[in-house]
Amino acid sequence: MNKNELISASKSLLARLQKVDYDRLPISDYNKQYIRKIYPALAYYMEIYADCLYRGISSSNLSPENITLVDYGGGSGFLSMLAKEIGIGQVIYVDLNPLSVETIKVLKHEVGTGPDIILPGSSDALADWCQARQIQPQLLIATDLIEHVYNLSAFFTDLCRINNEMELIFTTGSTPYNPFVKRKLHRFMKDCESGVAVSPGYYARREQYLRESFPELTEEQLKVWASCTRGVIYDDIKRAVETNHLPFPEDKYNTCDPETGNWAERILPIQRYRISLAPCNYHLSVKKGFYNTHRTNPLQSLLCQLINGLIRISGKAGLFLAPFITLHCKNNK
178 MNKNELISAS
188 KSLLARLQKV
198 DYDRLPISDY
208 NKQYIRKIYP
218 ALAYYMEIYA
228 DCLYRGISSS
238 NLSPENITLV
248 DYGGGSGFLS
258 MLAKEIGIGQ
268 VIYVDLNPLS
278 VETIKVLKHE
288 VGTGPDIILP
298 GSSDALADWC
308 QARQIQPQLL
318 IATDLIEHVY
328 NLSAFFTDLC
338 RINNEMELIF
348 TTGSTPYNPF
358 VKRKLHRFMK
368 DCESGVAVSP
378 GYYARREQYL
388 RESFPELTEE
398 QLKVWASCTR
408 GVIYDDIKRA
418 VETNHLPFPE
428 DKYNTCDPET
438 GNWAERILPI
448 QRYRISLAPC
458 NYHLSVKKGF
468 YNTHRTNPLQ
478 SLLCQLINGL
488 IRISGKAGLF
498 LAPFITLHCK
508 NNK
């Protein structure tokens, strides 16, 4: 498939999506708010989805109709819809949030296109489902997801269990290169810890858990354990205290919800992804993202076009300008 065909399909789907009155649909307030948030930049998101699909199809050397695609952490399902629009043979939508799963069912009926299979759950549920049916997808795409995965090694192990030759494409705004993005996300992480971004904050929740679970700890010990278990879920905190194994955070800022393990836009060095992928014999390449040129302000659009051009021609240095990165993981055959 050539890129012009994909862009044309993307524009056609975008026009249909923009005609939908999402507020009147029988979907959750959570998903209505999410769609309302991304709606002004929907053309930009469609461009990102198209770029991911083009990379995956081109690299696979397969015709779209012969590809089984996993839209992992699919959210409102717009990537799944675009995949079906361009003729992907089978699309499997997966999301852990039951509200999102119900939303894609409604949107599929409303728009007239969508995934063939809709699955609730995470990577282990997907792996079990595929193995039980002997389905081996050739491509998995996940946008704005990898930075939230609690245990990368377990995640990649599940994906390799599905098909150890499946190509994996992840986009993430948690780039370790762009200093402006890093500064913004570090501030957000600190706010998650302190309680400014979420209430109660993650530190307070860990401290409360430790206080209730281990009443024998002194106030000083509570503070030490609450600080050192930043980025650790309750079950792992319990194991650490019981074995008296005090963990030390790898990074000054990264933190996660101690109940769910959902990382707060975790920023990792690329080498960390490579280490996690190594047991699956995967090669990781990093691609530069681009800025949104679909803006109401023409000057802003022009500025973004100029910066995108600079990103394209500046080689690896462009990574320090790019607002996001794409991680393309392919088996070392």
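Residue numbering for the sequence shown follows the numbering used here, beginning at 178 and increasing consecutively. For every residue, glycine included, the Cβ atom is placed at its ideal position computed from N, Cα and C. As the structure is a prediction and not an experimental result, all values here were calculated from the model.
Inter-residue CB distance, residue i and residue j (contact presumed, cutoff 8 Å)
i, j, result
"Leu259", "Ala227", "7 Å"
"Ile339", "Leu296", "That pair is no contact at about 12 Å."
"Pro426", "Arg407", "5 Å"
"Ser376", "Ile444", "23 Å between Cβ atoms; not a contact."
"Leu246", "Val268", "5 Å"
"Asn439", "His325", "5 Å"
"Asp248", "Ile318", "6 Å"
"Ser390", "Lys415", "6 Å"
"Ser253", "Asn208", "6 Å"
"Ser187", "Met223", "5 Å"
"Ile447", "Pro353", "7 Å"
"Leu273", "Gly291", "Actually they are not in contact, since the Cβ atoms of Leu273 and Gly291 sit about 18 Å apart, beyond 8 Å."
Beta-bridge pairing of residue i - partner residues as DSSP gives them
i, result
"Ala309", "The partner list for Ala309 (beta bridge, DSSP) is empty, contrary to what the question assumes."
"Thr245", "Gln267"
"Asn508", "Tyr459"
"Lys464", "Thr503"
"Thr320", "Thr348"
"Leu296", "Val271"
"Trp440", "Cys433"
Residue i: CB within 7 Å of a non-hydrogen atom of the ligand ATP
i, result
"Tyr207", "The ligand content of the structure shown is nil, which means the ligand ATP is not present either."
Exposure label - residue i; buried when at least 16 CB within 10 Å
i, result
"Asn474", "exposed"
"Gln315", "buried"
"Glu442", "buried"
"Ile215", "exposed"
"Lys196", "exposed"
"Lys285", "buried"
"Thr432", "buried"
"Gly250", "buried"
"Pro241", "buried"
"Asn511", "With the chain represented from 178 up to 510, any question about residue 511 goes unanswered, as that position is not in the structure."
"Thr395", "exposed"
"Pro392", "exposed"
Coarse secondary structure for residue i, derived from DSSP in three states
i, result
"Val375", "coil"
"Gln267", "strand"
"His363", "helix"
"Phe347", "strand"
"Asp272", "strand"
"His422", "coil"
"Ile490", "helix"
"Val288", "helix"
"Thr503", "strand"
"Pro475", "helix"
"Ala227", "helix"
"Leu483", "helix"
"Ile215", "helix"
"Asn238", "coil"
"Gly495", "helix"
"Thr470", "coil"
"Arg451", "helix"
Contact the region 245–263 vs the region 182–193: 3+ CB pairs below 8 Å: Yes: the two stretches touch, three or more of their Cβ pairs being nearer than 8 Å.
contact_flag[the region 225–241, the region 476–494] where n(CB pairs < 8 Å) is 3 or more: Touching, no.
Three CB pairs or more closer than 8 Å across the region 459–474 and the region 494–506: With contact defined as three or more Cβ pairs closer than 8 Å, the region 459–474 and the region 494–506 are in contact.
Inter-stretch contact at 8 Å, needing at least 3 Cβ pairs: the region 325–342 / the region 358–372: Not touching, per the Cβ criterion.
At least 3 beta-carbon pairs within less than 8 Å: the region 203–214 vs the region 273–291: Look at the beta carbons and you see the region 203–214 touching the region 273–291: at least three pairs across the two are nearer than 8 Å.
Touching by the beta-carbon criterion (3+ pairs, under 8 Å), the region 501–508 and the region 340–349: Proximity of the region 501–508 to the region 340–349 meets the contact definition, three or more beta-carbon pairs being nearer than 8 Å.
Given 8 Å, three or more beta-carbon pairs between the region 375–393 and the region 352–362: No, they do not touch.
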